[in-house]
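In this note's numbering, the protein residues as written are 527 to 849. Idealized CB from N, CA, C, for every residue including glycine. Report on the structure given below.
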Amino acid sequence: MIRSVVRGFGTALPKRVLTNAELESMVDTSDEWIVQRTGIQQRYIAGEGETTASLGEGAARAALDKAGLTAADIDLIIVATSTPDNTFPATAVNIQNRLGMHHGFAFDLQAVCSGFVYAVTTADAYIRGGLAKRVLVIGTETFSRILDWTDRTTCVLFGDGAGAIVLEAREGTGTNTDRGVLTTQLRSDGAHRDKLFVDGGPSTTGTVGHLRMEGREVFKHAVGMITDVVYSSFDATGLTADDIDWLVPHQANKRIIDGSAKKLGIPLEKVVVTVDQHGNTSAASIPLALAAAASDGRIKEGDIVLLEAMGGGFTWGAVLLRW
Ligand code: ACO
Numbered sequence: 527m528i529r530s531v532v533r534g535f536g537t538a539l540p541k542r543v544l545t546n547a548e549l550e551s552m553v554d555t556s557d558e559w560i561v562q563r564t565g566i567q568q569r570y571i572a573g574e575g576e577t578t579a580s581l582g583e584g585a586a587r588a589a590l591d592k593a594g595l596t597a598a599d600i601d602l603i604i605v606a607t608s609t610p611d612n613t614f615p616a617t618a619v620n621i622q623n624r625l626g627m628h629h630g631f632a633f634d635l636q637a638v639c640s641g642f643v644y645a646v647t648t649a650d651a652y653i654r655g656g657l658a659k660r661v662l663v664i665g666t667e668t669f670s671r672i673l674d675w676t677d678r679t680t681c682v683l684f685g686d687g688a689g690a691i692v693l694e695a696r697e698g699t700g701t702n703t704d705r706g707v708l709t710t711q712l713r714s715d716g717a718h719r720d721k722l723f724v725d726g727g728p729s730t731t732g733t734v735g736h737l738r739m740e741g742r743e744v745f746k747h748a749v750g751m752i753t754d755v756v757y758s759s760f761d762a763t764g765l766t767a768d769d770i771d772w773l774v775p776h777q778a779n780k781r782i783i784d785g786s787a788k789k790l791g792i793p794l795e796k797v798v799v800t801v802d803q804h805g806n807t808s809a810a811s812i813p814l815a816l817a818a819a820a821s822d823g824r825i826k827e828g829d830i831v832l833l834e835a836m837g838g839g840f841t842w843g844a845v846l847l848r849w
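Dropping the structure here:
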């Protein structure tokens, strides 16, 4: 059985850090409110010349370096983003060109904060289906460009950044002892569209629009949806919460992360948290957190790693893999 194994990982962040203290001078908020409600202490904000594609390129180059590969070795690039450089062409082909890659194929995938989980699932399906041997999976965002910077209920929550992994086809035994993706579980329900959306777009207003969110409504659904897909991952593999070495959740809010871990019975020492440093970077948050824990030696080869996310749509999903 073919498995999709993580061979490399990398990240890129904008130069500029925006602290909670700076936000206090921009909207009616406080460091104390932001830290207590979300756990966020700072976020990175893209400056002039920094875009979703340029950050994605940086993360991709870092992941290729770590894997000991070049763009020539890649068959497919999937970019998860809700903040593309242009309506079209896809940010993925932009990054493909920036990498000097003129073979294979590349496309964008849009599932907001669940984007990385959706992209890993898609890459795994292409690899297992024999359509690609090595896939660059990139989550990259510049949410700062779709925020309403006068709306304190949203502008304090998000940040910019990018993370990438290289997934590679390897022969496995078909059991949980294999390295690579063991199961993926995806869900969506468009009935929740109005709870988290952008109020513009090419076919409606002809503008980019701004992010709008009913935060309390999102919060209310988050833990239940996240745990639902995690339990499905356990059912599909026979693994349990006790088998998880590292939970790498989407980094939206420390309270959602803690609530989900608690409900699942995963101790907080096994949860990777970067929301304090990055804010919510949507599709980039999981690969940013993964890379942080893999580069400082927490995540080691052979570890069972659980990824989960929930976001606009609503979309939600989980990936269970052996590193
Ligand atoms: N600073 C100070 N006060 C604020 C701020 C702010 N930045 N924002 C809101 N408030 C006020 C509100 O106006 C409200 O005041 P009121 O009581 O006088 O009306 C009060 O704080 C409480 O507001 P709530 O919305 O009830 O606060 P809550 O505890 O729910 O926290 C939050 C808000 C942090 C947005 C929370 O609901 C949340 O995290 N929701 C999930 C959001 C999320 O994670 N979204 C992303 C997931 S999907 C994706 O990643 C795209």
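C-beta contact flag for residue i and residue j at 8 Å
i: Thr709; j: Ala762; result: yes
i: Thr596; j: Leu590; result: yes
i: Val532; j: Leu693; result: yes
i: Ile653; j: Ala593; result: no
i: Gly698; j: Gly706; result: yes
i: Arg678; j: Val756; result: no
i: Pro610; j: Ile571; result: no
i: Ala649; j: Val638; result: no
i: Gly843; j: Gly685; result: no
i: Gln777; j: Thr753; result: no
i: Val831; j: Gly785; result: no
i: Thr841; j: Ser758; result: no
i: Leu635; j: Val605; result: yes
i: Gly689; j: Leu814; result: yes
i: Asp720; j: Asp771; result: no
i: Ala812; j: Ala819; result: Residue identity check: residue 812 is Ile in the sequence provided, not Ala. No; because the gap between Cβ atoms is not below 8 Å, this pair is not in contact.
i: Thr766; j: Leu683; result: no
i: Thr537; j: Gly641; result: no
i: Asn546; j: Gln562; result: no
i: Thr666; j: Leu544; result: no
i: Leu773; j: Val744; result: no
Identity of the residues DSSP links to residue i by a beta bridge
i: Ile672; result: Paired residues: none, contrary to the question.
i: Trp842; result: Arg713 and Met836
i: Pro775; result: Glu834
i: Ile600; result: DSSP lists no partner for Ile600.
i: Leu635; result: Ala606
i: Ile571; result: Arg542
i: Arg848; result: Gly706 and Ile830
i: Met552; result: Looking at the DSSP assignment, Met552 forms no beta bridge with any residue, so it has no partner.
For residue i, three-class secondary structure by DSSP
i: Phe535; result: strand
i: Asp754; result: helix
i: Ile528; result: strand
i: Thr545; result: strand
i: Leu737; result: strand
i: Leu861; result: The first residue shown for the chain is 527 and the last is 849, placing residue 861 beyond what the model contains.
i: Asn612; result: coil
i: His628; result: coil
i: Gly732; result: coil
i: Ile560; result: helix
i: Glu576; result: coil
i: Gly655; result: coil
i: Leu590; result: helix
i: Leu765; result: coil
i: Gly582; result: helix
i: Ile566; result: coil
i: Ile621; result: helix
Environment of residue i [buried if 16+ CB atoms lie within 10 Å]
i: Gln622; result: buried
i: Arg529; result: buried
i: Leu790; result: buried
i: Thr578; result: buried
i: Trp675; result: exposed
i: Phe760; result: buried
i: Ala598; result: exposed
i: Pro728; result: exposed
i: Glu795; result: exposed
i: Glu574; result: exposed
i: Phe535; result: buried
i: Pro793; result: exposed
i: Ser556; result: exposed
i: Ser670; result: buried
i: Arg848; result: buried
i: Thr703; result: exposed
i: Glu827; result: exposed
### Message
Report the start-end ranges of each alpha helix (DSSP H) in the segment 659 to 728 that is 4 residues or longer and not cut off at the edges.
### Response
Every alpha helix (DSSP H) of 4 residues or more that sits fully in the segment 659 to 728 is shown, in chain order, as 678 to 681.
### Query
If you scan the segment 772 to 830 from start to end, which runs of the alpha helix (DSSP H) of 4 or more residues do you find wholly inside it?
Counting whole runs of 4 or more residues, the segment 772 to 830 contains the alpha helix (DSSP H) stretches 780 to 790, 801 to 804 and 811 to 821.
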